[in-house]
Amino acid sequence: MSTKNDVIEYVRQNDVKFVKLTFCDLLGRQRNISVLSSQLDDAYKNGVAIDSSAMTGVGGVDLKLIPYTSLMTDLPWRPHSGKVVSVFCNVANIDCTPYACDPMVLLERQVEKLAELGLSAQVATECEFYVFKDDGDGQALQPIDNADYCACSPFDKCENLRREVILSLEEMGLKPISSHHERGRGQNEIDFERADPVAAARNFVMFKAAVKNVCSINGMIASFMPKPISTEPGSGLHLSITLSGKNAAAASKSFAEGVLRRYRDITCLANPTLNSYKRLGKAYKISYGENRGRAMRIFGKDNVIQLRTPDSSCNLFAVLALIFAAGREGIENKYALRGAGEGEEYIFDGIRDAVDFAQKSEWLHANLPVELDNVLDTMRQRNDAARALETDRDFFEFYSDV
0 MSTKNDVIEY VRQNDVKFVK LTFCDLLGRQ RNISVLSSQL DDAYKNGVAI DSSAMTGVGG
60 VDLKLIPYTS LMTDLPWRPH SGKVVSVFCN VANIDCTPYA CDPMVLLERQ VEKLAELGLS
120 AQVATECEFY VFKDDGDGQA LQPIDNADYC ACSPFDKCEN LRREVILSLE EMGLKPISSH
180 HERGRGQNEI DFERADPVAA ARNFVMFKAA VKNVCSINGM IASFMPKPIS TEPGSGLHLS
240 ITLSGKNAAA ASKSFAEGVL RRYRDITCLA NPTLNSYKRL GKAYKISYGE NRGRAMRIFG
300 KDNVIQLRTP DSSCNLFAVL ALIFAAGREG IENKYALRGA GEGEEYIFDG IRDAVDFAQK
360 SEWLHANLPV ELDNVLDTMR QRNDAARALE TDRDFFEFYS DV
């Protein structure tokens with residue numbers, strides 16, 4: 000969809016009855032308000048009011064959702080007669096001016112600043128998740144199968160499920176390129192082709208929704224928790240960033256170094272839950288290289304920088320905005336890329352250390368608006384509550400919105 004009129008005409012011609020006005024809060028959770036399709040034109044003109052607590056956890060400010068024209072998606076798991084579509088929205092102030100804390104706006108501005116340097120970027124995602132039996136007994140989590148890496152049917156019992164997810168994604172206009180069973184029991188991965196940063200973040204949000212809905216329809220439960228089973232491998236969200244344009248090869252190296260220098264600032268948002276650090280442990284050093292213990296890989300020939308530590312509990316709009324801010328800083332200052340393997344500093348031991356570091360980071364406060372402190376406080380409170388949890392089932396239920 001390229002214009003507002005295109006979207007409205009599509010809705011009219013395809014018997015769309017409801018439009019989900021979709022956005023992400025700053026903790027990365029998908030939110031939406033449903034309106035009748037007849038109200039869509041008014042939503043474009045005047046917005047739809049929401050409370051700011053939906054974004055930051057702190058109320059008192061009236062905000063609006065403004066549909067983002069090019070980000071409309073069919074929801075194929077909903078009825079095909081009287082169908083439902085999702086339109087991603089910008090968050091705006093009550094006077095319809097851009098809201099400074101909208102993560103999509105933050106990312107758009109960073110992409111624009113990169114363009115001022117003669118560069119553009121694309122982002123590809125590799126998303127891991129677990130699938131469990133929905134037995135309803137409240138006991139230990141039961142993975143859907145006991146298969147391992149790249150297993151085949153009949154050992155891989157998720158093969159048909161992944162096929163159904165991918166077909167749904169294609170109906171939604173998303174472009175997955177491959178899928179396979181991962182190392183853990185019931186663990187899967189679906190990879191996407193490169194897209195512009197805003198589209199890649201939107202696609203990731205809609206991908207999670209597709210997986211969870213398709214699993215629910217089939218009597219299963221999907222989880223994007225970083226470490227849903229303490230004895231099984233964790234699930235990550237690998238981000239591959241490709242730069243093109245003016246002096247892209249040299250710029251990519253400076254970009255990578257800029258990100259490495261700000262990695263600890265970014266970690267709190269890229270790994271925002273207590274459960275995130277059950278996956279990370281002391282496994283990753285802030286450096287680049289081929290082995291799994293490095294936070295970054297670099298594919299120099301293709302100007303590709305891959306970050307290996309983020310997980311799917313994050314708000315990808317905000318995380319990419321920070322990554323591009325750090326990378327742009329590296330380009331502007333012509334940072335020289337350190338040698339492979341250099342940098343022995345580990346990522347934080349836990350979420351408390353990450354939040355404490357973030358609250359003291361002048362760079363982070365300069366690149367995210369004042370509501371960052373509200374978000375960090377909310378994050379701290381939520382994860383302090385999670386410390387009382389003991390079993391995998393407890394964590395699973397607590398982080399059911401991940």
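If you read the sequence shown in numbering that gives the first Met the number 0, its first letter stands for residue 0, the second for the next number, and so on. Note that CB positions come from ideal geometry on N, CA and C, so glycine has one too. Fair warning: this is a prediction, and the values are worked out from it, not measured in the lab.
| Min CB distance Y148 to chain B below 8 Å | Protein chain content of the structure displayed is limited to a single chain, and chain B is not contained in it.
| query | Are the Cβ atoms of S33 and F131 separated by less than 8 Å? | reply | No; because the gap between Cβ atoms is not below 8 Å, this pair is not in contact.
| request: Count the other C-beta atoms from every protein chain shown that fall within 10 angstroms of the C-beta of N45, then say buried if there are 16 or more, exposed otherwise. | output: exposed
| query | Can F254 and L236 be called in contact, C-beta distance under 8 Å? | reply | No, they are not a contact pair.
| field | Burial state of Y148, where buried means 16 or more other Cβ atoms lie within 10 Å | value | exposed
| said: Is it the case that the stretch 201-210 contacts the stretch 273-284, given that we only count it when at least three CB pairs across the two stretches are under 8 Å? | reply: no
| task | List the endpoints of the continuous beta strand (DSSP E) containing G257. | result | That residue, G257, is in no beta strand (DSSP E); its alpha helix (DSSP H) goes A247 to R260.
| Distance CB(G244)-CB(Y334) smaller than 8 Å | no
| message | If I follow the unbroken alpha helix (DSSP H) through C214, where does it start and stop? | response | P196 to I216
| Is G218 closer than 8 Å to P225 when the C-beta atoms are compared? | no
| task | With distances taken Cα to Cα, identify the nearest neighbour of L173 among A269, P75, I220 and S239. | result | P75
| P97 (DSSP reduced to helix, strand or coil) | strand
| message | For the structure I just gave you, are there three or more beta carbon pairs, one from the stretch 6-26 and one from the stretch 80-94, closer than 8 Å? | response | In this structure the stretch 6-26 lies against the stretch 80-94, because at least three pairs of beta carbons, one per stretch, are closer than 8 Å.
| query | For V10, is the beta carbon positioned less than 7 Å from some heavy atom of the ligand FMN? | reply | The model on display carries no ligand, and the ligand FMN is accordingly not part of it.
| On the premise that A353 lies in contact with F270, defined as a C-beta separation below 8 Å, what is that separation, rounded to the nearest angstrom? | Checking the sequence, you will find Asn at residue 270 rather than Phe. The pair is a contact, with the Cβ atoms about 7 Å apart (cut-off 8 Å).
| Environment of E188 [buried if 16+ CB atoms lie within 10 Å] | Burial call: buried.
| task | Could you tell me which residues DSSP pairs with C157 in its beta bridges? | result | Per DSSP, none; premise fails for C157.
| field | A248 versus D264 - alpha carbon distance | value | 25 Å
| query | In its own chain, which residues sit with a C-beta less than 6 Å from the C-beta of F203, not counting the 5 before and 5 after it? | reply | T124 and L315
| request: Could you have a look at N332 and say whether DSSP puts it in helix, strand or coil? | output: N332 falls in the coil class under three-state DSSP.
| task | Please work out which residues of its chain come closer than 6 Å, Cβ to Cβ, to A385, disregarding the five sequence neighbours upstream and downstream, and give them in chain order. | result | L273 and F397
| Contact belief for N89 with I65 at Cβ below 8 Å, rounded distance in angstroms | N89 to I65, Cβ: 5 Å. Contact.
| said: I need the straight-line Cα distance from G292 to R392, nearest angstrom please. | reply: 28 Å
| request: Have a look at D348, S167, S399 and F298 and flag the residue whose alpha-carbon is nearest the alpha-carbon of D73. | output: S167
| said: I need the DSSP call for G244, collapsed to helix, strand or coil. | reply: Assigned with DSSP and collapsed to three states, G244 falls in strand.
| said: Which of the three DSSP states is assigned to F356 in this structure? | reply: helix
| query | Apart from the five residues on each side of it in sequence, which residues of its chain come closer than 7 Å, Cβ to Cβ, to H179? | reply | C149 and E188
| query | Quick one: what does DSSP say M219 is sitting in, helix, strand or coil? | reply | strand
| Candidates S215, L363, L39 and I216, of which the one nearest F17 by Cα | L39
| Measuring CB to CB, does V6 end up less than 8 Å from M71? | yes
| field | Under the three-state DSSP convention, the category K347 falls into | value | What sits at residue 347 in the sequence shown is Phe, not Lys. Correct three-state label for F347: coil.
| Beta-carbon proximity list for V401, same chain, < 6 Å, skipping 5 on both sides | F223, M224 and S312
| request: Would you check if the stretch 323-343 and the stretch 97-113 touch, i.e. whether three or more CB-CB distances between them fall below 8 Å? | output: yes
| If you scan the stretch 267-344 from start to end, which runs of the alpha helix (DSSP H) of 4 or more residues do you find wholly inside it? | Taking only runs of at least 4 residues, the alpha helix (DSSP H) segments lying wholly in the stretch 267-344 are 275-279 and 315-331.
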